[in-house]
Amino acid sequence: MNLSLASQAKNSLADSANAPFLSVVVPIHNEYDNLPLLVDAIADVVKRADLPYELICVDDGSTDGSTDLLKQLASDRPNLKGIIFRRNYGQTAAMAAGFSNARGNVIITLDGDLQNDPEDIPMLLAKLDEGYDLVSGWRKNRQDAALTRLLPSKIANWLIGRVTGVKLHDYGCSLKAYRAEVVADMNLYGELHRFLPALAFIEGARITEVPVRHHARRFGKSKYGLGRTFRVVMDLLTVWFMRKFLTKPMHVFGLFGLGSVTLGTLIGLYLTFIKIVMGASIGDRPLLILAVVLFLSGLQLLCFGLLAELLMRTYHESQGRPIYRIREVVSAEATDSEATV
């Protein structure tokens, strides 16, 4: 049976030096003025909630002095861990590094620009305790430019929801709460950090969202722009394929391949008929070229499907990664043992 967050926090309090209950992950890139305010705000909120915690700030190749400031802050605060990248790798890499180094039962992520409000952390934890595996923030009253940020975001959220099947108002909000097991075996690449709810949904996670506060940026400038659109669309195609065909790639390659081979064969039979029976010349007909192209393309797609099946099996077997996820095991024996305890 799953323990409530309160029970897990109580257990963590007894052994907080080794395993904090809460891990707060914050990617940082050129946030010199925001960083000390953010660290203090998070510490204040979590201490008031009386939770053993760790704060993991991932410096993603900052060039404004944030790196040295993070080192200084980490040396003075035992709960703060700074991870310094050698260069700028992007927010997805920073999130992945934070997840890999997090030791808590629950992981909270938020941006380092103070636009997310740490005061919303207890609300996310309370919602998580209702039985969800991932709680996503919804910047209902978002304080950003309408044309360059809000409009593209609304279009992207609608498109992502349609493609992935996970209907959220705000995929781009970094303020989220995760049970640690949900992100334990996620491998993030490209711009996949914004698709974390969809990736968690693929793993069978229960997901919800709550409205959260959003503030206008006080210091520094935004790192987001319309230039990310192409990368997001490409990653969206990747997520769609993973959701539909991760363990059965032959179903998509085979479908198109078999259709192409069948159509090419039918055209070829038609051309053979009019050549033999009607005595017509077919050497200069575009249909002949089309039949050959369709047939060969179909064979290639079938071969791609077979190769994808082999790669998928190698991927799962080499990592010991199962093709299923168990939420809990229920039995009379387990019930009796719990009653005895």
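The sequence shown lines up with residues 1 to 341 when you count with full-length UniProt numbering.
For every residue, glycine included, the Cβ atom is placed at its ideal position computed from N, Cα and C.
#1: Is the region 248-264 touching the region 273-282 in the sense that three or more CB pairs, one from each, lie closer than 8 Å?
#2: Who does residue 389 pair with in a DSSP beta bridge?
#3: Tell me whether residue 113 is buried or exposed, calling it buried when 16 or more other Cβ atoms sit within 10 Å of its Cβ.
#4: Please go through the same chain and pick out, in chain order, the residues whose beta-carbon is closer than 7 Å to the beta-carbon of residue 14, but skip the five residues on each side of it.
#5: Considering only residues of the same chain and omitting the five flanking positions on each side of residue 275, which have a CB-CB separation below 6 Å?
#6: Taking all protein chains shown into account, do 16 or more other C-beta atoms lie within 10 angstroms of the C-beta of residue 75, making it buried, or fewer, making it exposed?
#7: Rounded to whole angstroms, what's the CA-CA distance from residue 22 to residue 72? Just pull it up for me.
#8: Indicate whether residue 166 and residue 198 have their beta-carbon atoms separated by less than 9 Å.
#9: Spell out a yes or no on whether the region 123-135 and the region 204-211 are touching, meaning 3 or more CB-CB pairs, one atom from each, closer than 8 Å.
#10: How would you label residue 313, buried or exposed, when you count the other beta carbons within 10 angstroms and need 16 or more for buried?
#11: DSSP has residue 271 in a bridge; who is on the other side?
#12: Are the beta-carbon atoms belonging to residue 193 and residue 95 less than 9 Å from one another?
#13: Using the three-state DSSP reduction, which class does residue 209 fall into: helix, strand or coil?
#14: Do the region 46-61 and the region 78-85 make contact, defined as three or more Cβ pairs closer than 8 Å?
#15: Roughly how many angstroms separate the alpha carbons of residue 55 and residue 128, rounded to a whole number?
#16: Would you give the residue range spanned by the alpha helix (DSSP H) that residue 81 belongs to?
#17: Going straight from the alpha carbon of residue 266 to that of residue 288, what length do you get?
#18: Under a three-way DSSP split, which group does residue 194 fall into?
#19: Less than 6 Å between C-beta atoms, sequence neighbours within five positions excluded: which residues of the same chain meet that for residue 173?
#20: Is the beta carbon of residue 26 sitting closer than 9 Å to the one on residue 109?
#21: Within the continuous alpha helix (DSSP H) that includes residue 175, where are the two ends?
#22: Roughly how many whole angstroms lie between the Cα atoms of residue 2 and residue 130?
#23: Among residues of its own chain, excluding the 5 on either side of residue 20, which ones have a beta-carbon nearer than 7 Å to its beta-carbon?
#24: Could you name the residues that DSSP lists as bridge partners for residue 116?
#25: Of the residues 79, 122, 39, 115, which one's Cα is nearest the Cα of residue 48?
#26: So, at 7 Å on beta carbons, what are the nonlocal neighbours of residue 66 in its own chain, with the 5 sequence-adjacent residues on each side left out?
Quick answer:
#1: The answer is no - the region 248-264 does not touch the region 273-282, with fewer than three Cβ pairs under 8 Å.
#2: A query on residue 389 cannot be resolved here, the shown segment of the chain reaching from 1 to 341 and no further.
#3: So residue 113 counts as buried.
#4: With a pLDDT of 48 at residue 14, under the threshold of 50, the predicted position of this residue should be treated as unreliable, and no value is reported.
#5: If you ignore the 5 residues before and after residue 275, its C-beta comes within less than 6 Å of the C-beta of 282, all in its own chain and listed in chain order.
#6: Classification of residue 75: exposed, given that the 10 Å Cβ count is below 16.
#7: Rounded to whole angstroms, residue 22 to residue 72 spans 23 Å at the Cα level.
#8: For residue 166 and residue 198, yes; Cβs fall inside 9 Å.
#9: Of all C-beta pairs linking the region 123-135 to the region 204-211, three or more are shorter than 8 Å, placing the two stretches in contact.
#10: Sixteen is the threshold: since fewer than 16 other Cβ atoms of the shown chains lie within 10 Å of the Cβ of residue 313, the residue is exposed.
#11: Among the bridge pairs identified by DSSP, residue 271 is matched with none.
#12: The Cβ-Cβ distance between residue 193 and residue 95 falls below 9 Å.
#13: Correct three-state label for residue 209: strand.
#14: Pairwise C-beta distances place the region 46-61 in contact with the region 78-85, as three or more of them are shorter than 8 Å.
#15: Their Cα atoms are separated by approximately 19 Å.
#16: Per DSSP, residue 81 lies in no alpha helix (DSSP H); the unbroken beta strand (DSSP E) holding it starts and ends at 80-84.
#17: Each residue's Cα considered, the two are about 11 Å apart.
#18: If DSSP states are grouped into helix, strand and coil, residue 194 belongs with the helices.
#19: Within the same chain, residue 173 has close Cβ partners 137, 139.
#20: Judged by beta-carbon spacing, residue 109 lies within the 9 Å limit of residue 26, meaning their Cβ atoms are closer than that value.
#21: Taken as a continuous stretch (DSSP letters only), residue 175 belongs to no alpha helix (DSSP H), as it is neither H nor E.
#22: Unreliable positioning characterises residue 2 in this predicted model, as indicated by a pLDDT of 49, which lies under 50. The coordinate reading is nonetheless provided below. About 12 Å.
#23: For residue 20, where only same-chain residues beyond five positions count, the Cβ hits under 7 Å are 12, 52, 53, 54, 103, 104.
#24: According to DSSP, which records beta bridges pairwise, residue 116 is partnered with 214.
#25: Taking the Cα of residue 48 as reference, the smallest distance to any Cα among 79, 122, 39, 115 is reached at 122.
#26: Within the same chain, residue 66 has close Cβ partners 28, 30, 31, 32, 35, 59.
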